[in-house]
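A.B. asks: Taking full-length UniProt numbering, the leading residue of the sequence shown gets 1, the next gets one more, and so forth.
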Amino acid sequence: MPLFWRIFALNAAVLVAATVVLLLGPVTVSTPVVLTEALVLAVGLALMLVANAALLRVGLAPLRRLSRAMSTIDLLQPAPRPLVTGHSGIADLIRAFNTMLDRLEAERATSTARALSAQEGERRRVAQELHDEVGQTLTAVLLQLEQAARRAPEPVRAELRQVQETTRGSLDEIRRIARRLRPGVLEELGLNAALKALITEVTGHTDLTVTHRLGPDLPPLDAETELVLYRVAQEGLTNAVRHARASAVEVSLQRRGQDVELRVTDDGRGAAGAAEGAGIRGMRERALLIGAQLSVDRSATGGTEIRLRAPIRQEGPAT
1 MPLFWRIFAL
11 NAAVLVAATV
21 VLLLGPVTVS
31 TPVVLTEALV
41 LAVGLALMLV
51 ANAALLRVGL
61 APLRRLSRAM
71 STIDLLQPAP
81 RPLVTGHSGI
91 ADLIRAFNTM
101 LDRLEAERAT
111 STARALSAQE
121 GERRRVAQEL
131 HDEVGQTLTA
141 VLLQLEQAAR
151 RAPEPVRAEL
161 RQVQETTRGS
171 LDEIRRIARR
181 LRPGVLEELG
191 LNAALKALIT
201 EVTGHTDLTV
211 THRLGPDLPP
221 LDAETELVLY
231 RVAQEGLTNA
241 VRHARASAVE
251 VSLQRRGQDV
261 ELRVTDDGRG
271 AAGAAEGAGI
281 RGMRERALLI
291 GAQLSVDRSA
301 TGGTEIRLRA
311 PIRQEGPAT
């Protein structure tokens, strides 16, 4: 029965019941109205309203649950679908809402995959240009400065040496940026080696103390899962350096049954109650691509703990 007719039937049943009581019962209405008759009618009206409200509350309860789900749903944080309850129109509405969510999540995953793939491609291109173009140019400048310093008189030679050191520092910084844009060690040596190189790089350029616990029984993973794990660890360390004001961070990668779990825990000021920035939302989008679960909570030390639990997906055979 459609929702309109169900509500109409409920109200009609209450009114018919009230009419039958008035016709068959001893209740009458005098002119002017007697106090006892007014009391009886008031009680009857109150009972009708209470019965009507109770019936409507029960009948429309699935709509309230659906409304709460619609107001709190977040496509970046998958949640259980609303249960398909109620009759006819209400059940159809909840079923249509769940279908819409499935379609939106699938379309978002597809568009996000394309965007992140394009982003990684652009990062590779920029890293390659930094390494090949800017890096080689600065290397040539260093050689020219070396030759000029050899022929220059002593006061000028000292200044040229200083320019050499500045140029060499710029070259190292460009190479470091290129490595962050395109983690070649990840493709060549695997996830464990890439995480260790990332930690070494962070500790070499900051005062942050980073420890790691990488499980010895980690299974081989497909390239997409490894890249997501690496990027989440990279973003977690970047947040610890730039925003958390942390002094120590622990990076852990362990096997948990049929999943692998990455945890990045710092002792900084924590992120409880703070709005999620682009970095965390980017991590959530990457997690959705591989069917992983991402959580950002307060750590035991009062800082932030980023936890990513990803299903083990091994690289398929070459075709």
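Where is the CB? At the ideal position from N, CA and C, for every residue including glycine. Predicted model only: the values in this text are computed from it and were never measured.
1. Would you kindly report the start and end of the unbroken alpha helix (DSSP H) that includes HIS212?
2. Under 8 Å by Cβ, that's how I've got LEU171 and THR200 pegged, so tell me the actual separation to the nearest angstrom.
3. Over the uninterrupted alpha helix (DSSP H) stretch that includes THR200, give me the two end residues.
4. Put ARG64 into one of helix, strand or coil per three-state DSSP.
5. Are there 16 or more other CB atoms within 10 angstroms of the CB of GLY236, so buried, or fewer, so exposed?
6. Compare the C-alpha of residue 349 against each of ASN52, ALA42, GLN293 and GLU122 and name the closest.
7. What runs of the alpha helix (DSSP H), each 4 residues or longer, lie entirely inside the stretch 221–277?
8. Keeping to the same chain, check which residues put their C-beta closer than 8 Å to that of THR319; ignore five residues upstream and five downstream.
9. Would you check if the stretch 243–263 and the stretch 201–216 touch, i.e. whether three or more CB-CB distances between them fall below 8 Å?
10. With 16 as the cutoff for other CB atoms within 10 Å, does THR304 come out buried or exposed?
11. Just to confirm before moving on: does the CB-CB distance between THR112 and LEU229 stay below 8 Å?
12. Taking THR167 as part of the beta strand (DSSP E), name the residues at either end of that continuous run.
13. How many angstroms separate the CA atom of ILE280 from the CA atom of ARG150?
14. Just to check my reading of the structure: VAL264 and ILE306 have Cβ atoms closer than 8 Å, yes? What is that Cβ distance to the nearest angstrom?
15. Residue range of the alpha helix (DSSP H) that GLU146 falls in?
16. Quick one: grab the DSSP three-state call for ALA318.
17. In three-state terms, what does DSSP make of ALA310?
18. So which of LEU227, ALA152, HIS205 and ALA106 has the shortest CA-CA distance to LEU195?
19. Would you check if there are 3 or more beta carbon pairs closer than 8 Å linking the stretch 178–196 to the stretch 116–134?
20. Which value, in whole angstroms, describes the spacing of the CA atoms of VAL40 and LEU47?
21. Can the beta-carbon of ALA310 be found less than 8 Å from the beta-carbon of THR238?
22. So ASP266 and ALA240 are in contact, right, with Cβ under 8 Å, and what is the actual spacing, rounded?
23. Below 8 Å on the Cβ atoms is my guess for VAL202 versus ALA193; work out the distance and round it to an integer in Å.
24. Nearest CA to the CA of GLY59: which residue from ALA91, LEU45 and VAL34?
25. Within 10 angstroms of its Cβ, does GLN119 collect 16 or more other Cβ (buried), or is it exposed?
26. Of the residues ASN98, HIS205 and LEU56, which one's Cα is nearest the Cα of ALA69?
27. For LEU145, collect the residues of the same chain with a Cβ closer than 8 Å to its Cβ; drop the 5 residues on either side in sequence, then sort them by chain order.
C.D. replies: The structure says:
1. On the sequence shown, residue 212 is found 212 positions in, with the first residue counted as 1. Run containing HIS212: none in the alpha helix (DSSP H); it sits in the beta strand (DSSP E), 209–214.
2. Here the question's residue 171 lines up with position 171 in the sequence shown. Here the question's residue 200 lines up with position 200 in the sequence shown. Going by Cβ atoms, the distance from LEU171 to THR200 rounds to 19 Å, so no, they are not a contact pair.
3. For the purposes of this step, residue 200 is taken as the residue at position 200 of the sequence shown. Taken as a continuous stretch (DSSP letters only), the alpha helix (DSSP H) holding THR200 covers 191–205.
4. Within the sequence shown, the letter at position 64 stands for residue 64. Three-state DSSP puts ARG64 in a helix.
5. In the sequence shown, the residue the question calls residue 236 occupies position 236. The residue is buried, with at least 16 neighbouring Cβ atoms inside 10 Å.
6. Here the chain has residues from 1 to 319 only, and residue 349 is not among them.
7. 223–242
8. For the purposes of this step, residue 319 is taken as the residue at position 319 of the sequence shown. Here the model assigns THR319 a pLDDT of 37, short of 50, so the residue's position is not dependable, and the following value carries that caveat. Hits under 8 Å: none found.
9. Contact annotation: the stretch 201–216 touches the stretch 243–263, with at least three C-beta pairs closer than 8 Å.
10. Sequence index remark: in the sequence shown, residue 304 carries index 304 (1-based). With 16 or more other Cβ atoms within 10 Å, it is buried.
11. Numbered from 1 along the sequence shown, position 112 holds the residue referred to as residue 112. Numbered from 1 along the sequence shown, position 229 holds the residue referred to as residue 229. Cβ distance not < 8 Å, so THR112 and LEU229 don't count as in contact.
12. On the sequence shown, position 167 is the one that residue 167 refers to. In the DSSP assignment, THR167 falls outside any beta strand (DSSP E) and lies within the alpha helix (DSSP H) extending over 154–181.
13. As a first step, residue 280 is located in the sequence shown; it is residue number 280 there, counting from the start. As a first step, residue 150 is located in the sequence shown; it is residue number 150 there, counting from the start. One alpha carbon belongs to ILE280, the other to ARG150, and they sit about 51 Å apart.
14. Position 264 of the sequence shown holds residue 264. Position 306 of the sequence shown holds residue 306. Confirmed, about 5 Å.
15. Residue 146 sits at position 146 when you count from the first residue of the sequence shown. Per DSSP, GLU146 is one residue of the alpha helix (DSSP H) stretching across 135–151.
16. In the sequence shown, the residue the question calls residue 318 occupies position 318. Note that ALA318 scores a pLDDT of 41, beneath 50, so its modelled location is shaky; the value from the coordinates is reported in the next line. Three-state result, ALA318: coil.
17. As a first step, residue 310 must be located in the sequence shown, where it is residue number 310. It is a strand residue.
18. As a first step, residue 195 is located in the sequence shown; it is residue number 195 there, counting from the start. For LEU195, the nearest C-alpha among the options comes from LEU227.
19. Result yes; three or more Cβ-Cβ pairs closer than 8 Å.
20. Here the question's residue 40 lines up with position 40 in the sequence shown. Here the question's residue 47 lines up with position 47 in the sequence shown. Spanning the two alpha carbons is a distance of roughly 11 Å.
21. In the sequence shown, residue 310 corresponds to position 310, counting from 1. In the sequence shown, residue 238 corresponds to position 238, counting from 1. It is not a contact, given that the beta carbons lie outside the stated cut-off.
22. Stepping through the sequence shown from its first residue, residue 266 is reached at position 266. Stepping through the sequence shown from its first residue, residue 240 is reached at position 240. About 4 Å; that satisfies the 8 Å criterion.
23. Locating residue 202 in the sequence shown gives position 202, counting from the first residue. Locating residue 193 in the sequence shown gives position 193, counting from the first residue. VAL202 to ALA193, Cβ: 15 Å. No contact.
24. Locating residue 59 in the sequence shown gives position 59, counting from the first residue. Of ALA91, LEU45 and VAL34, the residue nearest in Cα terms is ALA91.
25. Mapped onto the sequence shown, residue 119 falls at position 119. Exposed, by the Cβ-count rule.
26. Here the question's residue 69 lines up with position 69 in the sequence shown. For ALA69, the nearest C-alpha among the options comes from ASN98.
27. On the sequence shown, residue 145 is found 145 positions in, with the first residue counted as 1. Only LEU160, VAL163, GLN164 and THR167 meet the Cβ criterion.
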